[in-house]
Amino acid sequence: MFGNYILGAAEAATKVPNLFVVIMGVGTVFVGLVCIVIICKIMSALCGLGKAKTVENNTANAPVQNQTIENRQEIIAAVSAAVAEDMGTDISGIRILSFKKL
1 MFGNYILGAA
11 EAATKVPNLF
21 VVIMGVGTVF
31 VGLVCIVIIC
41 KIMSALCGLG
51 KAKTVENNTA
61 NAPVQNQTIE
71 NRQEIIAAVS
81 AAVAEDMGTD
91 ISGIRILSFK
101 KL
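In this text, residue positions in the sequence shown follow my numbering: the first is 1, and each later residue adds one.
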């Protein structure tokens, strides 16, 4: 009884053109990708609702141009040691000409 169904399905599968199979596969992939993009946009909008209010009211993160650097010599020594280590030389082998906060 099931043999007839299996034979019928096998005959139907052989009648499907290859181009149709390719178009269906590519179409399915792109529809899935569009759905993922839409879901990401929705989640981004939902997660961003709480952050938008706090960023507008918070001005403490604004950069200050005339702020002095505390422990300037210690910072310069640490940066010099890091640069010398990265270059593979001794710390006396490098010369720092300027150091400013960005």
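Quick reminder that beta carbons are idealized off the backbone N, C-alpha and C, glycines included.
**Report entry** Simplified DSSP state of Asn18, which is helix, strand or coil
**Finding:** Working through the sequence shown from its first residue, we reach residue 18 at position 18. Three-state result, Asn18: helix.
Query raised in the report: Can you tell me whether DSSP reads Ser98 as helix, strand or coil?
Result: Reading the sequence shown from its first residue, position 98 is the one you call residue 98. In this structure, Ser98 counts as coil in the three-state DSSP scheme.
Query raised in the report: Roughly how many angstroms lie between the CA atoms of Lys15 and Gly32, to the nearest whole one?
Result: Mapped onto the sequence shown, residue 15 falls at position 15. Mapped onto the sequence shown, residue 32 falls at position 32. Cα to Cα, Lys15 sits roughly 27 Å from Gly32.
Query raised in the report: Should Ile94 and Ala82 be called a contact, given that it needs their Cβ atoms to be closer than 7 Å?
Result: Within the sequence shown, residue 94 is the residue found at index 94, counting from 1. Within the sequence shown, residue 82 is the residue found at index 82, counting from 1. Contact check for Ile94 against Ala82 fails: the beta carbons are separated by 7 Å or more.
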